[in-house]
Every structure is written in C-alpha cells, then in structure tokens.
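Chains as they are written, first to last, in my numbering: chain A, 1 to 134; chain B, 1001 to 1555. Contents: one structure, followed by commentary.
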C-alpha cells in the first residue's frame, strides 16, 4: 500500500495502523478520544468522509486523520483540504490510476481556493486572505 | 459588471489545466468511465445522445459583449454554429468532441469564463435576477451576493460529492424574476447594515419528480451569519441526505423526511461548532465585489417621448421595461421567434447582440432563466435603432412574458435523459400562440396569456411545474405522450401546477392548449390573469373542455 501525505510526500509503506477505523458514513456523536483515525470512503461519489473530517476538526480532533477506500487521485485535494493528513492507497488503485497520477495528485489539481478553512492541511492560502492581507 | 482580477484569472486557468490533465488520464485508460464521469460533470461535460454536451457557466446571467463573441467563436469552431441558453442562465453546446473540450475551456478561461460546476452532484452555477442593478423595484442588488457564493462554492473541497446537485438562486426585489423558491437554497436579500444585505433563507425548493416550493428556513439573517449558515446547511445535507435513490437525494426530500424544525436544529448545532473567524473575510470580500457593481455605467439623460406604431409599438410594450436611471430602458431580446427553438441563438445572432451591447448597452448582456437575453442599459432615444438592428438579426419578436415566450428543454432531440421531444412541441405551439397574440394586438386587445413551459422528462429542466400551462413529455407504451399541468407559477407567488388528466399525443397538444386558453378567455374577469382564474375556478371547467370535446384521448 501507499501513503500520500498532505506535505506532498508519497511512498510505498509496508504496514499502516490507526487507533480507530470509521466508515465515511458514520454519524459523529462524540469526538473519539484516540490519536489516529482512518476513514474509509464507500464510493467515488460519496463525499460524506470529507464532511466527517471537517466535523472532527471543527470539534477539536487534533490527532492524525487518514482517508482511504474508493478515492481517485483527483480527490486527494478534497481530502487534504477537508482536514485529512494523508491518503492511504491500495496497490490495486496505484496500478490502475498510475503511480505518477497519485504522486502528482496534490500538484496537478487546483491548489488555491477562495476561502481556505482553518482546518485544512493543504497548501492553499485562500484568495480572500491574499486579497485582504493588508 | 464584475471583472476578474489576477487571482480569478489564475483560478480558472488552473482549473482548465487540471481538466486537460484529467481528460488525458481518461484517454490513457488510467481513469474508468465511472471515475471520470463525476470529474467531467463537475466541468459541465455530459455525454448525450449524439455527442458530448458542454455547459458553460454564465454566473448570475451576466455576460460582456466580448464574452458573447467568445461564445460565438466556440459555436462556429467547435459546434454547429449555434448554442442553447438554458433555464439556469447557462449556455450549452450540443455537438462538442471530447478531444476538443480542453481547448474550449482554455479559450473560455482567457475570456474570464469557465464551466465549473455547471453539472454534477455539487453546488451549481448560482443564478440571480437577470434585471439586477437596473430594475426599478430592486431593494438590493443580488449580484454581489451571487458572486460571493460563486467564489465560496467553486471547488469547495467538502461539497464536491454531495448526494445530488445543489442549486442556489438569489433575488433582491419583491418581484421574483429568478424562480428563487424553486431552488435548493433561495436567498431574498434586503438592505442591511454597512451596505451589506440581510437575508431570508429558503430551503428545499425544486422541480423534478417531486416538485416543492421552498420553505422559509431562517428570516432576516445578518450578513455575517449567511455564509456559515449555508456552509452548515450543506454539511448536514452532505452527511444526512439520501444516497440510496437518486430521485430522493435532493435536499427537499431530506427536509421533508427530517421535518424543517429538526433539519434547522441540526444546522444550528453544526454552526455552533464553527469558528466564526473562518468567515471573517466574507464581509470585506463582499464590499470589494459590490464596488464592481456600485457604479452604474450610464448617467441620467433627458428622454424624448418614443413615437411608436405597429410591430415596433408591440415590441416596446412587451420587450422594453422601466429602468432605474432616467432616459434608459431595459430591453429584452426574445429567443422565442415563431417556429424557432426556445433559447437557441446562432453565432451570427450572438455577434449581433454583442455589437448592440457595445454600441447601446455599456457592453453588457444578461441571460434570463426564461431563456431570453437582455440589453440592460439602452438609451430610450436609441430604442428604434436597436429594434431595427434586431429585425436584421431575426431577434425582434415582441413576445416577452406572453404565452409564446415558451420555456423548453432540449428534450429527446439531444438529451440522454429525455423521454419525449420538447422542441417540436414548442415550435408548433409557438406558431399557434403567436397567431393568437397577433390577432389580439391587431384588435387592440391585450395579448397576454398563460405562461407555458415544456419539459421532455420528469427531471423538469423546462420548468413545466412552474408554468400556468405545463407540458411534460413522457413515454408510454413506446409512444410520446404529453401530460398537461395547470396553475403553476414561477414568480413570487410560486406554485406547482396540477395534473389535468390523461396525456395527449404530440399532434393533439396545440389544440388542447387552445381549448384551455379558450376556457380562460371565456371565464376570466376583466384583467384577470390565467393563474388567478384557475385558482378561482379550479380544474373542472378546463377538464370538461379538454376531455369532453377531445376527439381522441391517449392512454
């Protein structure tokens, strides 16, 4: 399996462990008192995991958040900007999408947004922030 | 109008480059069609019956003359010489090739345009009153709000994979010229503090299989609360909206199943977890955007009375409306010529409109949700010249707001979702209705009549639910059949039409519509609109006239 981190680093890893694994569709009742959470996306079109991550961050979860499951390289940006620290990718998806597509996922997608959220792990500054910097 | 700065320009260029790379990976087989589909849809690219269709955003319906010429260029070089203006104030090209689309997007980006989120399960192109900034009854210009929402929603990382599409409409006047209450979220802006609006927020409107008029979610919301509230409304929908059935996935169903009160509580609970500082720049950004719209491009002038007779007088009466600046008029250009396809314009017509806008309308054009164009700043003294130029361009039909000003979707002639044709029905009806209007005008009578909208399937892109007379094309027993609804309204008195009874064949539709109008003409009180007559009398007299007199009724 492979890990793409929000700082853009990318590589093959032998194993991965998180304190808690959640499905992306899990309703959030209380913030889990753990150090790391792996959130699995059920389908390419199912964006619940992005909202779950932002909700966890908004409610103060400061540990490591990793996205996995049915994601495509183009969704890595969404994950990182929604508060994920990394994306865990299966060998099968690397083979099909191409190693370079995942390696370049965060540089080939649009990086700057209008409104950067404080919980984002991405490199965006926010166009509004740039415009009103003075 | 709003002008892109370097940031906006870089943003659309980056999106164009990203899309080019995505197409490349699809063509190389690195993305399956299932994986590529949401990516192309988020860039307005549909696979239709005959070709790819590219839907280009015209945010809140505002277009410069140069941008219109860019669309004409694309029509000539990448389509078959025409384009189709839609009920979401967008423009569709119906004959594009996948390998050309990245080049088209580059050309659009150079003109400050894009196709971002004109399709797909995301926040769509934001619509607004096409008369914004010029209408006499306006309290707040909706365009700065719409532009703020365009920026906030564009490539929003959290809301790109929603249960279903999400439409937002904004108005700032008592008269609703944007069908605001048929949007997933509708905003009605009112004057607020420090030049920033306050809002009534409406939720859960929509058409399709389960038509709903939006409900009032929150009244008199301060500007600073608006964006955090919308963000929380979207988050609750993203997490709780149904994903098991696409016909039950819109927010209207979530609100109906949760109940408005419970939905509201969930939204406010989420909003309470947020750091308000996240949205602190929305205010200064609103002010920056609003400054683009604050200065009217024209000064008041003395206007000589316009002398008019014949067709010119009729065109003035229907296509020209009052302007907030003395000496000016708002000119609507009908894309509903007799026997023409509603919303279609040729490249030549686009260029003619662009030339008129340059010469007479501060180089600005609007697109209405009723699929017409608007020249928003025409000096009254130039109305005759504009009219004559429109005759040259075959765009001088004086029927704005009349029955022959038909809304119609592309239907089965283009659309992969359609169950029946819309265009031939619209063409046939426009001929019949225009004859009726001409007779009334010749007799010195008011040619006004019911609004008439046509959809080629239950998805209701042609807004049939919101028309006085709605026509829905279905496929029953392998034949096209057209179901009629009566009493709908898309304006500030939003209402959903009621089904009249069994459907009709395409050939029967014009005669049925004539009988319905005949009943109204016979029963109406002096000056009464069709909607008011229908509300007073109900369905019965219309049903009797249509079904008891009809020679043949389809199953």
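Note that CB positions come from ideal geometry on N, CA and C, so glycine has one too. If you're wondering where the values come from, they're calculated on a predicted model, not measured in any experiment.
Would you mind stating whether residue i and residue j have Cβ atoms separated by less than 8 Å?
i	j	result
residue 1367 of chain B	residue 1130 of chain B	yes
residue 1030 of chain B	residue 96 of chain A	yes
residue 1324 of chain B	residue 1062 of chain B	no
residue 1065 of chain B	residue 1358 of chain B	yes
residue 1230 of chain B	residue 1171 of chain B	no
residue 1473 of chain B	residue 1490 of chain B	no
residue 109 of chain A	residue 77 of chain A	yes
residue 1245 of chain B	residue 48 of chain A	no
residue 1471 of chain B	residue 1425 of chain B	yes
residue 34 of chain A	residue 63 of chain A	yes
residue 1107 of chain B	residue 1019 of chain B	no
residue 1157 of chain B	residue 10 of chain A	no
residue 26 of chain A	residue 52 of chain A	yes
residue 1236 of chain B	residue 1266 of chain B	yes
residue 1179 of chain B	residue 1369 of chain B	yes
residue 1410 of chain B	residue 1391 of chain B	no
Can you round the beta-carbon distance between residue i and residue j to whole angstroms, since I take them to be within the 8 Å contact cut?
i	j	result
residue 1434 of chain B	residue 1404 of chain B	5 Å
residue 1339 of chain B	residue 1431 of chain B	5 Å
residue 1250 of chain B	residue 1223 of chain B	Not a contact, Cβ separation roughly 27 Å.
residue 1215 of chain B	residue 1187 of chain B	With 8 Å as the limit, residue 1215 of chain B and residue 1187 of chain B do not qualify as a contact, their Cβ atoms being about 14 Å apart.
residue 1125 of chain B	residue 1059 of chain B	6 Å
residue 1559 of chain B	residue 1492 of chain B	Within the shown structure, residues of chain B are numbered from 1001 to 1555, placing residue 1559 of chain B beyond reach of any answer.
residue 1247 of chain B	residue 1271 of chain B	Not confirmed; about 29 Å, so no contact.
Thinking C-alpha only, which one of the options is nearest residue i?
i	options	result
residue 1481 of chain B	B:1460, B:1498 and B:1506	B:1506
residue 1458 of chain B	B:1429, B:1206 and B:1306	B:1206
residue 1436 of chain B	B:1408, B:1515 and B:1479	B:1515
residue 1089 of chain B	B:1034, B:1146 and B:1109	B:1146
residue 1509 of chain B	B:1454, B:1314, B:1237 and B:1523	B:1454
residue 4 of chain A	A:75, A:42, A:124 and A:131	A:75
residue 1406 of chain B	B:1361, B:1444, B:1415 and B:1343	B:1343
residue 16 of chain A	A:22, A:1 and A:29	A:1
residue 1529 of chain B	B:1468, B:1494, B:1540 and B:1495	B:1468
residue 1535 of chain B	B:1121, B:1483 and B:1496	B:1496
residue 85 of chain A	A:134, A:43, A:28 and A:61	A:61
residue 1049 of chain B	B:1377, B:1415 and B:1043	B:1415
residue 1499 of chain B	B:1041, B:1221 and B:1486	B:1486
residue 1213 of chain B	B:1204, B:1233, B:1220 and B:1219	B:1204
residue 31 of chain A	A:38, A:19 and A:55	A:55
residue 90 of chain A	A:26, A:13, A:9 and A:124	A:13
residue 1524 of chain B	B:1449, B:1475 and B:1257	B:1449
residue 1372 of chain B	B:1286, B:1379, B:1382 and B:1331	B:1331
residue 1093 of chain B	B:1017, B:1267, B:1073 and B:1109	B:1073
residue 1322 of chain B	B:1442, B:1374, B:1180 and B:1103	B:1374
residue 1376 of chain B	B:1369, B:1391, B:1360 and B:1280	B:1360
residue 59 of chain A	B:1123, B:1241, B:1275 and B:1174	B:1275
residue 1380 of chain B	B:1513, B:1296, B:1067 and B:1303	B:1303
residue 127 of chain A	B:1269, B:1012 and B:1119	B:1012
residue 1198 of chain B	B:1227, B:1181, B:1208 and B:1180	B:1227
residue 1541 of chain B	B:1517, B:1527 and B:1526	B:1517
residue 133 of chain A	B:1009, B:1117 and B:1285	B:1285
residue 1119 of chain B	B:1037, B:1200 and B:1183	B:1037
Is residue i near the ligand MG - that is, is its Cβ less than 7 Å away from at least one heavy atom of it?
i	result
residue 1431 of chain B	You won't find the ligand MG in this model; it holds no ligand whatsoever.
Could one say the Cβ of residue i lies closer than 8 Å to chain D's Cβ atoms, at least one of them?
i	result
residue 1288 of chain B	Of the chains in the structure shown, none is chain D; the protein chains are A and B.
### Query
Counting Cβ pairs closer than 8 Å, one from the stretch 1284 to 1295 of chain B and one from the stretch 1127 to 1147 of chain B, do we hit at least three?
yes
### Message
What are the residues in the stretch 1009 to 1031 of chain B lying within 9 Å of chain A by C-beta distance?
### Response
1010, 1011, 1014, 1015, 1017, 1018, 1021, 1022, 1025, 1028, 1029, 1030 and 1031
### Message
So, does the stretch 66 to 82 of chain A touch the stretch 110 to 120 of chain A, judging by three or more C-beta pairs under 8 Å?
### Response
yes
#### Entry: Members of the stretch 1257 to 1277 of chain B near chain A, C-beta cut-off 8 Å
1270, 1273, 1274, 1275 and 1277
### Task
Return the residues of the stretch 83 to 117 of chain A that lie within a Cβ-Cβ distance of less than 8 Å from chain B, sorted by chain order.
96, 97, 98, 101, 108, 109, 110, 111, 112, 113, 114, 115 and 117
### Task
Closer than 8 Å, Cβ to Cβ, to anything on chain A: give me those residues from the stretch 1274 to 1300 of chain B, in chain order.
1274, 1275, 1277, 1278, 1279, 1281, 1282, 1284, 1285 and 1288
### Task
Please name the residues in the stretch 1225 to 1246 of chain B whose beta-carbon is closer than 7 Å to at least one beta-carbon of chain A, in chain order.
1235, 1238, 1239 and 1243
### Query
Between the stretch 35 to 57 of chain A and chain B, which residues of the former have a C-beta closer than 8 Å to a C-beta of the latter?
44, 45, 46, 47, 48, 50, 51, 52, 54 and 55
### Query
Just by C-beta distance, which residues in the stretch 1142 to 1163 of chain B are closer than 8 Å to chain A?
1151, 1152, 1154, 1155, 1156, 1157, 1158, 1159, 1160, 1161 and 1162
### Message
Whether or not the stretch 1387 to 1400 of chain B and the stretch 1078 to 1085 of chain B are in contact is what I'm after, with contact meaning three or more pairs of Cβ atoms, one per stretch, closer than 8 Å; do they touch?
### Response
no
### Message
Tell me whether the stretch 59 to 73 of chain A and the stretch 37 to 45 of chain A touch, counting them as touching only if at least three CB pairs, one residue from each stretch, are closer than 8 Å.
### Response
yes
### Message
Any C-beta of chain A within less than 7 Å: which residues of the stretch 1105 to 1132 of chain B qualify?
### Response
1121
### Task
Count the CB pairs spanning the stretch 1159 to 1167 of chain B and the stretch 1298 to 1316 of chain B that are closer than 8 Å, and state whether there are at least three.
no
### Task
Closer than 8 Å, Cβ to Cβ, to anything on chain B: give me those residues from the stretch 58 to 71 of chain A, in chain order.
58 and 59
### Query
Are three or more beta carbon pairs between the stretch 1345 to 1361 of chain B and the stretch 1035 to 1044 of chain B nearer than 8 Å?
no
### Message
Closer than 7 Å between beta carbons: that is the criterion. Which residues of the stretch 1 to 23 of chain A meet it against chain B?
### Response
none
### Task
Quick one: which residues of the stretch 1172 to 1191 of chain B get their C-beta closer than 8 Å to a C-beta of chain A? List them in chain order.
none
### Query
Taking any Cβ of chain A, which residues in the stretch 1035 to 1048 of chain B have a Cβ under 7 Å from it, in chain order?
1035, 1038 and 1039
### Query
What are the residues of the stretch 1449 to 1468 of chain B that lie near chain A, defined by any Cβ-Cβ distance shorter than 7 Å?
none
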